[in-house]
Structure formats: structure tokens, C-alpha cells
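Peer 1:
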Amino acid sequence: EFYLDVTKRLQSPLAGVYERLLLDRLFPDAPRGPDGLLDKSAQRERSRLGSASVPFGCLLLEPVLIGAGGMVLVDPLWQRVLVDLCREMGVPVVYDEVFSGLYRLGVQSARDLLGVHPDVSCFAKLITGGLLPLAVTLAGPHVFEVFDGDKKADALLHGHSYTAHPTGCAAACRALRIYRRIGLPGPANIPPLEAFSSRQPSHALPEGGPSCCNGGAGSHGPHSHGPHGQTDSPHSHPHSHSTTTPGTHGGGAAWVVDSWDEEFVRRVSLFPSVSRAFRLGTVLAVELVSASGTGYAAVGDSLAVVRLLRNMGVYARPLGNVVYLMAAPVTEAATCRWLEGCLERAVAEHFGIDLGVR
115 EFYLDVTKRL QSPLAGVYER LLLDRLFPDA PRGPDGLLDK SAQRERSRLG SASVPFGCLL
175 LEPVLIGAGG MVLVDPLWQR VLVDLCREMG VPVVYDEVFS GLYRLGVQSA RDLLGVHPDV
235 SCFAKLITGG LLPLAVTLAG PHVFEVFDGD KKADALLHGH SYTAHPTGCA AACRALRIYR
295 RIGLPGPANI PPLEAFSSRQ PSHALPEGGP SCCNGGAGSH GPHSHGPHGQ TDSPHSHPHS
355 HSTTTPGTHG GGAAWVVDSW DEEFVRRVSL FPSVSRAFRL GTVLAVELVS ASGTGYAAVG
415 DSLAVVRLLR NMGVYARPLG NVVYLMAAPV TEAATCRWLE GCLERAVAEH FGIDLGVR
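Per our numbering, residue 115 is the first one in the sequence shown, and the count goes up by one each step.
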């Protein structure tokens, strides 16, 4: 709970360490203190200079969990401090929520974990329940208005062949309706932020920042099939037996809905063949101790475990030496327990672990 409570952690000594390390990396030519890090007076001067002294145009980050990198958890405090620094310097912030958005991490949006709005957010995948390709880019008015005018040259002249594809839009509408009906938590009460910087008062980010769709649902890759199936019934709450983790952000509470059992994750993490295991929202990941090392090429053991899972009717794929499962936001709790059992048996069978010995 403390790990996700970014607001409280902003007052910790670690937040100050993160700030100095980030400024040190952002401004490598600035004066250094005795400890080799950026001098405090230089920090303040650089902050006053604003975006004119920053050698990049925006901050683009994948919030909290980097999926394609091997399900790597990033300290949300580190990302929050980075976002705050960029805003102080007048640098716009973009969240890549294609993978993580719409309840993948147990909250509606990364803003509920980081406790701060972006200027631009990108969503996809769960917006149609993973069934059809569709994406949306959301922006605050201060960004949108830059491209709003009477002349064609004022517009953002870019379009895709399948823009507003009717089948994809129909699937998205259905998925978003399911989200609203099953009662997943809404956004945390995060105060509005001034756009870009306090040095640009003419643009203000409205309450709620870039508008976020209320929902998204359905099954998505890697597809996980269990004996109980999955349901999109609006009449039952699939997370009635799941756990929630509270975190207070900006004066409001963000409840992280976890699909996976905490005790199961703890038990599997103690296997000698497992280097780490975690759950966050609908994501369950187990990193194996692999003889072939780490990285994308280290698929010897993980591929063997995935093949055992497929024999059990569970369709998954490895990311290097990481085996992961992702439930849908509407997956029944009983199905998640079944999937946990399959994963535990597959890892135990491959590594010769006796599950009768605890």
C-alpha cells in the first residue's frame, strides 16, 4: 500500500534523492556539489530558466509497468518526481497507456497511481476488450486548441486508414458500457494542474485533465482460458472475491482492484526457480531463474513452462524469462484461482518441485 501511495511518499527523503538524480541526468553540464550531484543553487537556477534550458520537447513515459521490457515495475514515486520536474520546467507530459490503461493495472488510468494528470494520454487494446484494433489519443484543451483554427495549415494533418472504423467503435462502445455496469472504481479525485508550467498561465488544464473514457473490458492477450469461462454480464461483479489496495492521491482515494491472490504470489515467489513474482491489477508475472540468462533471448525455461500451460488449456507467451498472465477486468474470481493453480503446477513440473512439500 505504501509503495502505491505516491502522495505520502513525496514527503520522504527518497523523493529528494530521486529529484537530484534526475536533475543530474537532465543537466549534465551544470555545477556539481561535493557529493558529485547537481548543486542545489544550480537546481533552482535551472528550474527558473524553464523549458528554454531543456534539451527535449516532451516527456513520454509508460506508467508504472513496462510491459514489453519484460514486465518491469517502475517506482511510481520516481515517475511522479520526473513528471513534477518536467511540469516545473514547462515540458508537456504524455502517458503511453496503450498497455496499462483502462484497468489493466487495477485503476482506470495511470493518473490514479501517479496522482497527476498528463497533458496527453494514449489508449488502445482494452478500449475494445482486445478484440479489434482501435486507439484514441486524448488531450487537454490547451493542446487541442493549438491545432484548432480556420485554416487547413492550423490542423494536425494526420489520419489513419481505419480512423473511426465502425466495427472497432462498436466493440469499444460495448466494452465501455460493461465497465460502467460492473461497478469498477472511477478516477481518483486529483486536483487540476496548470498546463505545462506556472510560467504559462494562459493555459489551464481543466478538472480531470484529458478526459478519460469510463471503462473498457473484455479478454485480451495473452488469452487465458479456464473451465469457468469469462463473462461480460452486467448483473454480477466479477471482483467480489478480489482484493483492493487503497492509495490516496491528491486528496482522493484510488482503489487498485487486484485480480490475483496475494498468498499465491507470495508462495510462488519462494520457489527456488523464481527470482521474482508480482501482481498488479489484472497482471500476474513470474520471472524464472533461467540458465540462459535474462532478456528476450532467455526463453528456454519460460517457453517450456508456457508449453505446459497450453497443455492445460491456458494460452500464454513468455517475455524472455518472464511468464505472465493477464485476466480481463471482467474475469471471474474462480477463473483466476484456476489459472493460478495451472501456473503453479506448470512451474513445479518443469523444475521438479514437489508441491506436497511446503
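We treat Cβ as the ideally placed atom computed from N, Cα and C, and that holds for glycine.
Leaving out the 5 sequence neighbours to the left and right, which residues in its chain are closer than 6 Å to residue 251 when beta-carbon positions are compared?
Peer 2: 236
Peer 1: Checking 8 Å against the spacing of the C-beta atoms, do residue 416 and residue 427 come in under that value?
Peer 2: no
Peer 1: Rounded to the nearest angstrom, what separates residue 234 and residue 376 at their Cα positions?
Peer 2: Looking at the two C-alpha atoms, the distance is approximately 33 Å.
Peer 1: State the Cα-Cα distance for the pair residue 187 and residue 178, rounded to the nearest angstrom.
Peer 2: 6 Å
Peer 1: What residue range is occupied by the uninterrupted beta strand (DSSP E) comprising residue 393?
Peer 2: 388–394
Peer 1: Round the Cβ separation of residue 172 and residue 195 to the nearest angstrom and send it over; I've been treating them as touching at under 8 Å.
Peer 2: The Cβ separation is near 17 Å, so there is no contact.
Peer 1: Cα-Cα, which of 461, 397, 216 and 140 is closest to residue 388?
Peer 2: 461
Peer 1: Nearest by alpha-carbon distance to residue 454: which of 466, 399, 197 and 274 is it?
Peer 2: Of 466, 399, 197 and 274, the residue nearest in Cα terms is 399.
Peer 1: Taking 8 Å as the limit between beta carbons, can you name the residues of its chain near residue 458, skipping five residues before and five after?
Peer 2: 378, 381, 382 and 469
Peer 1: If distances are taken between C-alpha atoms only, which option among 275, 243 and 390 comes closest to residue 445?
Peer 2: 243
Peer 1: Hey, which unbroken runs of the alpha helix (DSSP H) at 4 residues or more fall wholly within the segment 390–445?
Peer 2: 414–425
Peer 1: What are the boundary residues of the alpha helix (DSSP H) that residue 198 is part of?
Peer 2: 190–202
Peer 1: What would DSSP say about residue 332, mapped onto helix, strand or coil?
Peer 2: A caution first: residue 332 carries a pLDDT of 30, below 50, which makes its placement in the model unreliable, though a value can still be read off. Three-state result, residue 332: coil.
Peer 1: Counting along the chain, where does the beta strand (DSSP E) carrying residue 259 start and finish?
Peer 2: Run containing residue 259: none; DSSP gives neither H nor E here.
Peer 1: State the start and end residues of the unbroken alpha helix (DSSP H) segment that holds residue 173.
Peer 2: Unbroken run through residue 173 is the beta strand (DSSP E), 173–175; no alpha helix (DSSP H).
Peer 1: What number of angstroms, rounded off, separates the C-alpha of residue 438 from the C-alpha of residue 394?
Peer 2: 12 Å
Peer 1: Starting from the C-beta of residue 200, find all residues in its chain whose C-beta is less than 7 Å away, skip the five residues before and the five after it, and write them out in chain order.
Peer 2: 173 and 207
Peer 1: Report the residue from 191, 293 and 122 whose alpha carbon sits nearest the alpha carbon of residue 131.
Peer 2: Checked all of 191, 293 and 122; the closest Cα to residue 131 is 191.
Peer 1: Among 125, 182 and 205, which residue has its Cα nearest to the Cα of residue 140?
Peer 2: 205
Peer 1: How about residue 216 and residue 240: do their beta carbons lie closer than 8 Å?
Peer 2: yes
Peer 1: How far does the alpha helix (DSSP H) with residue 465 in it reach, from first residue to last?
Peer 2: 447–465
Peer 1: Could you check what DSSP says for residue 281 in three-state terms: helix, strand or coil?
Peer 2: helix
Peer 1: Since residue 221 is in the beta strand (DSSP E), which residue starts that stretch and which ends it?
Peer 2: Run containing residue 221: none; DSSP gives neither H nor E here.
Peer 1: Tell me whether residue 260 is buried or exposed, calling it buried when 16 or more other Cβ atoms sit within 10 Å of its Cβ.
Peer 2: exposed
Peer 1: Got a sec, what are the start and stop residues for the beta strand (DSSP E) residue 235 sits in?
Peer 2: 234–237
Peer 1: Smallest Cα separation from residue 413: which of 391, 267 and 436?
Peer 2: 436
Peer 1: Compare the C-alpha of residue 180 against each of 218, 203 and 198 and name the closest.
Peer 2: 218
Peer 1: Where residue 268 and residue 122 are concerned, what is the direct C-alpha to C-alpha distance, given to the nearest angstrom?
Peer 2: 43 Å
Peer 1: Count the other CB atoms, across all protein chains shown, that sit within 10 Å of the CB of residue 248; report buried if there are 16 or more and exposed otherwise.
Peer 2: buried
Peer 1: Confirm, please, whether the CB-CB distance from residue 304 to residue 254 is below 8 Å.
Peer 2: no
Peer 1: For the alpha helix (DSSP H) containing residue 120, list its first residue and its last residue.
Peer 2: 120–123
Peer 1: Specify the secondary structure class of residue 304 as computed by DSSP and reduced to three states.
Peer 2: coil
Peer 1: Checking the sheet assignment: what are the DSSP bridge partners for residue 138?
Peer 2: According to DSSP, which records beta bridges pairwise, residue 138 is partnered with nothing at all.
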